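Numbering (our numbering), first residue to last: 253 to 445.
Yeah, the Cβ is synthetic: ideal placement off N, Cα and C, and Gly gets one too.
Since this is a predicted model, take the numbers as computed values, not measurements.
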């Protein structure tokens with residue numbers, strides 16, 4: 253049986269761009285290349301939509317937040333829609349404030365931003381957030397509460413607040429397998445004791 257042709261030129265360019273942007277960086281505390289996370293986000297988004305621009309945005313979702321890539325560069329290379337989707341998924345940092353000190357405010361802003369975001373931005377966010385939650389669940393199985401020490405915020409209850417807030421903000425996706433997996437993993441890691 254022949255494979256169906258699908259035009260992946262845009263996604264291919266986005267993956268190459270993301271690989272270059274994240275070159276030689278490690279996923280925090282994981283021991284593997286950072287690019288593994290955006291690629292998992294692409295896979296998750298592909299379970300929700302075949303839209304190549306959303307898949308490209310998933311590949312690029314951490315380039316503004318975690319590399320030297322700017323919104324303007326993304327807009328120039330990939331267009332306004334993709335740049336806006338990536339920007340909507342990026343934490344906003346305050347100059348002169350440490351990541352530890354700004355953690356709660358940044359996470360609240362992300363929850364609020366996603367609650368008001370268009371459906372397509374929520375799809376891209378779901379790729380990122382489910383990938384993060386999968387990693388947390390796997391690491392929690394091995395490390396238990398020691399896991400929280402690798403984060404800027406080491407309080408498990410704060411992470412629970414954050415992920416439950418994200419689930420509420422992304423509830424428009426509740427009919428997808430990705431959203432159901434996200435909520436299931438949150439409930440497994442943050443069991444009510």
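Where residue 328 falls, given that 16 or more other Cβ within 10 Å makes a residue buried: Here residue 328 is taken as the residue at index 76 of the chain shown, counted from 1. Under this definition residue 328 is an exposed residue.
Could you tell me the distance, in whole angstroms, from the CA atom of residue 389 to the CA atom of residue 439? On the chain shown, residue 389 is found 137 positions in, with the first residue counted as 1. On the chain shown, residue 439 is found 187 positions in, with the first residue counted as 1. Looking at the two C-alpha atoms, the distance is approximately 10 Å.
Residue nearest to residue 275 in terms of C-alpha spacing, selected from 261, 290 and 263: For the purposes of this step, residue 275 is identified with residue 23 of the chain shown, where counting begins at 1. It is 290.
Under 7 Å Cβ to Cβ from residue 280, same chain only, skipping five residues before and after it: list those, please. Reading the chain shown from its first residue, position 28 is the one you call residue 280. Closer than 7 Å at the Cβ level, and outside the excluded window around residue 280, lie 402.
Can you confirm whether the region 391-407 touches the region 332-344 when touching is taken to mean that 3 or more C-beta pairs between the two stretches lie within less than 8 Å? No contact exists between the region 332-344 and the region 391-407.
Beta strand (DSSP E) segments (min. 3 residues) lying fully within the region 391-428: Runs of the beta strand (DSSP E) lying entirely within the region 391-428, each at least 3 residues long, are absent.
7 Å Cβ shell around residue 293 - same chain, five flanking residues per side excluded: Translated into positions along the chain shown, residue 293 becomes position 41. Non-local beta-carbon contacts of residue 293 in its own chain, meaning distances under 7 Å to residues more than five positions away in sequence, involve 310, 313, 379, 380 and 383 in chain order.
DSSP three-state label for residue 302, please. Reading the chain shown from its first residue, position 50 is the one you call residue 302. Coil at residue 302, not helix or strand.
Alpha-carbon to alpha-carbon, residue 433 and residue 376: The residue you call residue 376 lines up with position 124 of the chain shown. The residue you call residue 433 lines up with position 181 of the chain shown. In a straight line, the C-alpha of residue 376 is about 15 Å away from that of residue 433.
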